[in-house]
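Encoded as structure tokens, the structure appears first; notes follow it.
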Amino acid sequence: MKDAFGLPQSLLVLGGTSEIALAVTRRLIARRTRTVWLAGRPSPGLDEAAGQLRALGAEVHTVDFDALDPAGHEDALGKVFAEGDVDMVLLAFGTLGDQARDERDPRAAVRVAQTNYTGAVSAGLVCAGALQAQGHGSLVVLSSVAGERARRANFIYGSSKAGLDAFAQGLGDALYGTGVHVMVVRPGFVRTRMTAGLPEAPLATTPEAVATAVELGLRRRSETVWVPGALRVVMSALRHLPRGVFRRLPV
Amino acid sequence: MPADTVSVTGWGRTAPSAARLVRPRTFEEAALAVRGCGARGGIARGLGRAYGDAAQNAGGEVFDMTGLDRIHAIDADGGTVLCDAGVSLHRLMEVLLPLGWFVPVTPGTRYVTVGGAIGADIHGKNHHVSGSFSRHVLSLELLTADGQVRTVAPGTPLFEATAGGMGLTGVILTATVRLQPVRTSWMSVDTERASDLDDLMARLADTDHRYRYSVAWIDLLARGRATGRAVLTRGDHAPLDALPRSARREPLSFRTSRLPAAPSFVPEGLLSRTTVGLFNELWFRKAPRSRTGQLQRIPAFFHPLDGVPHWNRIYGRGGFVQYQFVVGHGREDTLRRIVRRISQRRCPSFLAVLKRFGDADPGWLSFPVPGWTLALDIPASLPGLGAFLDELDEEVAAAGGRVYLAKDSRLRPELLAAMYPRLDDFRALRAELDPRGVFTSDLSRRLRL
Ligand SMILES: Cc1cc2nc3c(=O)[nH]c(=O)nc-3n(C[C@H](O)[C@H](O)[C@H](O)COP(=O)(O)OP(=O)(O)OC[C@H]3O[C@@H](n4cnc5c(N)ncnc54)[C@H](O)[C@@H]3O)c2cc1C
Ligand SMILES: NC(=O)c1ccc[n+]([C@@H]2O[C@H](COP(=O)([O-])OP(=O)(O)OC[C@H]3O[C@@H](n4cnc5c(N)ncnc54)[C@H](OP(=O)(O)O)[C@@H]3O)[C@@H](O)[C@H]2O)c1
Chain Z
1 MKDAFGLPQS LLVLGGTSEI ALAVTRRLIA RRTRTVWLAG RPSPGLDEAA GQLRALGAEV
61 HTVDFDALDP AGHEDALGKV FAEGDVDMVL LAFGTLGDQA RDERDPRAAV RVAQTNYTGA
121 VSAGLVCAGA LQAQGHGSLV VLSSVAGERA RRANFIYGSS KAGLDAFAQG LGDALYGTGV
181 HVMVVRPGFV RTRMTAGLPE APLATTPEAV ATAVELGLRR RSETVWVPGA LRVVMSALRH
241 LPRGVFRRLP V
Chain W
1 MPADTVSVTG WGRTAPSAAR LVRPRTFEEA ALAVRGCGAR GGIARGLGRA YGDAAQNAGG
61 EVFDMTGLDR IHAIDADGGT VLCDAGVSLH RLMEVLLPLG WFVPVTPGTR YVTVGGAIGA
121 DIHGKNHHVS GSFSRHVLSL ELLTADGQVR TVAPGTPLFE ATAGGMGLTG VILTATVRLQ
181 PVRTSWMSVD TERASDLDDL MARLADTDHR YRYSVAWIDL LARGRATGRA VLTRGDHAPL
241 DALPRSARRE PLSFRTSRLP AAPSFVPEGL LSRTTVGLFN ELWFRKAPRS RTGQLQRIPA
301 FFHPLDGVPH WNRIYGRGGF VQYQFVVGHG REDTLRRIVR RISQRRCPSF LAVLKRFGDA
361 DPGWLSFPVP GWTLALDIPA SLPGLGAFLD ELDEEVAAAG GRVYLAKDSR LRPELLAAMY
421 PRLDDFRALR AELDPRGVFT SDLSRRLRL
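Chains Z and W supply the protein sequences, listed in that same order.
Per full-length UniProt numbering, the first sequence starts with residue 1, numbered consecutively.
Per full-length UniProt numbering, the second sequence starts with residue 1, numbered consecutively.
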């Protein structure tokens with residue numbers, strides 16, 4: 001059960017090796033979290049992540065979960081909810097793709113869309129149903145500023161995050177009053193392996209900063225969280241730029 | 001039976017969860033509701049004045065007991081009342097005061113039910129004399145998980161598990177309560193200021209026994225030499241001859257007045273250190289240094305906050321936490337340290353309450369033990385509050401003290417067994433009486449009660 005500060009005792013991470021998700025999880029273990037489910041594609045990385053969290057004192061389980069296999073979501077995630085209440089779900093899986101290649105290889109582009117959007121729609125709905133049945137819980141969705149306005153440089157990823165973001169907002173409205181809280185987190189450039197090797201964007205931040213923002217958002221029961229917070233203003237300005245100007249921005 | 005799915009919180013308005021709210025209108029309906037509840041169980045709810053998650057049950061049922069509010073019998077000579085558990089103490093006062101009787105124990109609000117008073121085994125300003133509410137319960141009827149109604153008498157394990165058992169042994173349907181005789185509906189009140197915490201504790205320890213009711217409001221924003229400065233208000237029911245002639249005509253009339261409700265929207269940060277500090281300062285200054293025998297009405301003395309309906313909204317949508325703990329006599333050092341830490345941290349806390357408890361009652365999870373109890377409200381949005389209160393818990397537990405479950409919304413479950421040594425007995429009784437875990441609340445899930 002969550003406490004007065006929205007801190008969960010049990011946590012399900014979708015995308016169990018995500019660096020951002022693991023930073024959030026470490027933070028929550030330092031607070032109230034005792035049980036963690038890491039859902040992801042089986043890999044040594046997933047087991048290693050589980051081991052590291054165990055060393056922090058949590059009881060950690062792993063579950064096979066592939067965003068690209070929506071047909072399996074009900075089963076894979078149903079198993080977790082059958083074991084007991086899940087106080088928080090962190091939807092963290094995602095892939096950046098390779099914009100240049102994906103433009104030439106539509107099938108690769110579709111995989112980005114299917115992971116980030118379709119996979120999240122499926123897993124998000126499965127989790128939402130289970131959370132609603134237990135009458136409480138937070139669904140925290142890692143969206144991205146990239147979805148706020150798609151840019152020339154990564155519009156395939158950006159459009160998939162735009163879809164995810166819109167989906168999560170709508171889901172939050174659908175679940176309003178059901179005891180389930182949906183929080184959309186929009187980080188800017190976060191230094192993780194996903195962005196390794198890319199030129200750093202302004203206001204670049206860290207997984208730990210995202211963890212801090214998530215903790216604060218849980219306490220406030222926020223619906224939208226920007227990391228860093230200044231991006232809220234920056235993005236609202238960018239959003240209103242005329243197309244011609246936006247197109248020529250070096251972002 | 002009326003029922004709908006609603007989002008429920010406690011008085012502190014944190015951690016909402018959704019439940020089916022069922023409103024039984026008869027004992028039969030209550031029994032049906034208990035027998036028919038689903039896998040996530042059910043929990044009784046009175047007027048929702050517990051601050052945390054005691055009277056909510058995510059995904060399950062919440063039994064709103066306020067529809068069962070009949071007063072069945074009053075023994076106006078012997079001073080007992082038999083009533084439904086959904087009757088409020090406010091209602092009892094309205095009915096009983098004109099007959100010359102008062103409730104044996106009242107908390108800081110009249111808007112609690114008899115069921116809630118037993119479920120949390122509440123204490124009042126008279127704890128050092130009268131103990132907690134359950135001491136005055138002569139008998140109760142309990143609807144247990146099997147759908148049966150049992151008559152439960154003091155001195156039995158089921159009674160002791162139920163007094164302070166936070167609704168987890170069953171649904172209390174009725175109770176027979178022993179009353180306090182009074183000659184008037186007025187209080188005779190002595191007020192004095194204490195300049196700091198030591199002064200305050202000395203005054204309470206030396207002279208509490210002279211008063212039936214005693215409490216100190218302490219300013220936790222005062223620092224340095226003034227740390228722990230306070231205003232003591234102590235008193236008793238006024239005798240007839242203390243009333244002015246005009247009041248003697250209707251000495252037992254019970255009058256209450258309410259101000260307009262607090263607005264439903266309050267901007268964040270209304271209660272800042274500055275505003276709360278200013279309030280506390282004014283309030284301390286306006287209290288007389290010493291005054292005796294002042295006549296006050298019952299609401300003014302016992303329930304000042306009831307004058308503003310929904311005052312809990314002033315904390316905004318983030319809600320607030322009430323932290324209340326007790327440490328035993330001889331643990332004054334812990335109390336001093338905690339008061340110092342709170343005031344150093346400058347928590348924007350309105351007047352907190354310090355009281356000296358008397359003898360404990362036998363409820364297994366009953367909160368009061370002889371010693372010192374401090375209660376304070378803090379906005380939940382205060383940065384770092386969770387970790388800070390965790391540290392205070394450690395101090396409290398190390399001193400053999402405990403926090404009050406009716407106020408709790410954030411205790412670390414690992415500390416519960418140290419704070420409540422009868423926890424294992426409580427769990428064992430529940431396992432036997434309610435093997436399916438019909439009675440479940442968010443509190444019981446969170447703390448694994
Ligand atoms: C302003 C204020 C001041 C307060 N001052 C004090 C004080 O001085 N001393 C003190 O001790 N407390 C105090 N309290 C706390 C309050 O007295 C308790 O939380 C009390 O239990 C509230 O009663 P309720 O009817 O609102 O119950 P709820 O808050 O609805 O429920 C509280 C608990 O009682 C159980 N319960 C309720 N009805 C039944 C029933 N029929 N059968 C079985 N279980 C039941 C619930 O399951 C729950 O666990 C204060 C609260 C407020 C808001
Ligand atoms: N880093 C940033 O700058 C940034 C900014 C904004 C938003 N975000 C978002 O934040 C989230 C986490 O990113 P991160 O930085 O932590 O990156 P990361 O470490 O690369 O994590 C990505 C995660 O997604 C998982 N994943 C990818 N495809 C999957 C699939 N088909 N099925 C299941 N899991 C799959 C990966 O699992 P495997 O180990 O199996 O690959 C990995 O756990 C992502 O949604 C990302 O879009 C990141």
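Each residue gets a CB set at the ideal place from its N, CA and C atoms; glycine is no exception.
Could you tell me if the beta carbon of residue i falls within a distance shorter than 6 Å of some heavy atom in ligand 2?
i             : result
residue 26/Z  : no
residue 193/Z : yes
residue 140/Z : no
residue 40/Z  : yes
residue 93/Z  : yes
residue 66/Z  : yes
residue 118/Z : no
residue 160/Z : no
residue 368/W : no
Considering residue i, what are the terminal residues of the beta strand (DSSP E) in which it resides?
i             : result
residue 355/W : 352-357
residue 208/Z : Taken as a continuous stretch (DSSP letters only), residue 208/Z belongs to no beta strand (DSSP E), being part of the alpha helix (DSSP H) at 207-220.
residue 39/Z  : 35-40
residue 3/W   : 3-8
residue 192/W : 186-194
residue 17/W  : 17-22
residue 115/Z : Here residue 115/Z belongs to no beta strand (DSSP E), and DSSP marks it neither H nor E.
Under a CB-based cut-off of 7 Å, is residue i close to chain A?
i             : result
residue 135/Z : Protein chains Z and W are contained in the structure displayed, whereas chain A is not.
How would you list, in chain order, the residues of chain W whose beta-carbon sits under 8 Å from the beta-carbon of residue i?
i             : result
residue 171/Z : Those within 8 Å of residue 171/Z in chain W number zero; the least Cβ separation is about 16 Å.
residue 5/Z   : 14, 380, 385, 386, 410
Could you list which residues in chain Z have their beta carbon closer than 7 Å to that of residue i, in chain order?
i             : result
residue 381/W : 219, 220
residue 321/W : 4
residue 134/W : Within 7 Å Cβ-Cβ: nothing; residue 134/W doesn't reach chain Z, min ~27 Å.
residue 17/W  : 135, 136, 179
residue 64/W  : Within chain Z, no residue comes near residue 64/W; the closest Cβ sits about 16 Å away, beyond 7 Å.
Going along chain Z in order, which residues have a C-beta closer than 8 Å to the C-beta of residue i?
i             : result
residue 150/W : Per Cβ cutoff of 8 Å: no residues; residue 150/W is ~29 Å from chain Z at best.
residue 170/W : Chain Z residues near residue 170/W: none, gap ~21 Å exceeds 8 Å.
residue 33/W  : The premise fails here: residue 33/W is roughly 17 Å from chain Z at the closest Cβ pair, so nothing lies under 8 Å.
residue 445/W : 1, 85
residue 60/W  : 135
residue 7/W   : 177, 178, 179
residue 442/W : 1, 136
Can you pull the chain W residues whose beta carbon is under 7 Å from the beta carbon of residue i, in chain order?
i            : result
residue 26/Z : Within chain W, no residue comes near residue 26/Z; the closest Cβ sits about 15 Å away, beyond 7 Å.
residue 31/Z : 386
Report whether the distance from the Cβ of residue i to the nearest heavy atom of ligand 1 is below 6 Å.
i             : result
residue 85/W  : yes
residue 49/W  : yes
residue 172/W : yes
residue 11/W  : yes
residue 122/W : yes
residue 218/W : no
residue 115/W : yes
What residue range is occupied by the uninterrupted alpha helix (DSSP H) comprising residue i?
i             : result
residue 283/W : 273-286
residue 127/Z : 119-134
residue 160/W : 157-162
residue 130/W : 127-130
residue 237/W : That residue, residue 237/W, is in no alpha helix (DSSP H); its beta strand (DSSP E) goes 230-237.
residue 159/Z : 155-174
residue 34/W  : 27-35
residue 118/W : 114-119
Note down, in chain order, every chain Z residue with its Cβ under 9 Å from the Cβ of residue i.
i             : result
residue 430/W : The premise fails here: residue 430/W is roughly 17 Å from chain Z at the closest Cβ pair, so nothing lies under 9 Å.
residue 318/W : 219, 220, 221
residue 188/W : Those within 9 Å of residue 188/W in chain Z number zero; the least Cβ separation is about 39 Å.
Less than 8 Å between the CB atoms is what I'm expecting for residue i and residue j, so what's the real figure, rounded?
i             : j             : result
residue 352/W : residue 387/W : About 20 Å separates the two Cβ atoms, so there is no contact after all.
residue 276/W : residue 221/W : 6 Å
residue 327/W : residue 372/W : 6 Å
Exercise for the section: Output, in sequence order along the chain, the residues in the segment 178-211 of chain Z whose CB is closer than 9 Å to any CB in chain W. Expected result: Within the segment 178-211 of chain Z, the qualifying residues are 178, 179, 180, 181.
Exercise for the section: Can you give me, in chain order, the residues of the segment 75-100 of chain Z that have a beta carbon less than 9 Å from any beta carbon in chain W? Expected result: From the segment 75-100 of chain Z, only 85 have a Cβ closer than 9 Å to chain W.
Exercise for the section: Check distances from the C-beta atoms of the segment 36-58 of chain W to those of chain Z and list, in chain order, the residues that come in under 8 Å. Expected result: Listed by position, the residues of the segment 36-58 of chain W near chain Z (Cβ gap below 8 Å) are 40, 52, 53, 57, 58.
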